[in-house]
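The structure under discussion appears below in the form of structure tokens.
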Amino acid sequence: MNARIIDLTGQTFGRLTVIAFSHINERRYAVWTARCICGAVVAVPGMDLRSGNTQSCHCLQRDRASIAVAARHQRQRELRAALATA
Ligand SMILES: [Zn+2]
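Encoded structure:
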């Protein structure tokens, strides 16, 4: 058993806050259960958290995509409103 586990409980990495130890994975790395600010709960290897590789449940990328979609919809609404009042 690998006893060298650094306790990350309560620590925050980007959007993720570690809430509990999850398990040791097949490569003998500690995997932690973390809650993202969007509410999603994900399992992330501790080394990915400490290295900064994983800073969200991937909602960062989703947010960027949905903001682009929302901006496009907003432009279409404005265009329709402009045509309706013309
Ligand atoms: Zn998230």
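Mapping of the sequence shown onto numbering that gives the first Met the number 0: position 12 corresponds to residue 11, and the numbering continues sequentially without gaps. Virtual Cβ for every residue (Gly too), placed ideally from N, Cα, C.
Residue i: CB within 7 Å of a non-hydrogen atom of ligand 2
i, result
"Ser65", "This structure simply doesn't include ligand 2; it includes ligand 1 instead."
Spatially closest choice to residue i from the options, by CA coordinates
i, options, result
"Gly13", "Arg49, Ala85 and His22", "Arg49"
"Gly45", "Thr84, Arg76, Val17 and Gln75", "Val17"
"Leu137", "Cys37, Ala81, Arg71 and Leu78", "Outside the shown range of the chain (0 to 85) lies residue 137, about which nothing can therefore be said."
Test item: CB-CB of residue i and residue j under 8 Å
i, j, result
"Ala29", "Ile4", "yes"
Supposed contact pair residue j and residue i - C-beta distance, whole angstroms, cut 8 Å
i, j, result
"Cys56", "Val68", "The pair is not a contact, with the Cβ atoms about 19 Å apart (cut-off 8 Å)."
"Thr32", "Ala19", "5 Å"
"Cys58", "Ala39", "7 Å"
Any non-hydrogen atom of ligand 1 closer than 7 Å to residue i Cβ
i, result
"Ala33", "no"
"Ser21", "no"
"Ser55", "yes"
Chain-order list of residues whose beta-carbon lies under 6 Å from that of residue i (same chain, five-residue window excluded)
i, result
"His22", "Val30"
Close Cβ partners of residue i (< 8 Å) along its chain, the five nearest in sequence each way excluded
i, result
"Arg63", "none"
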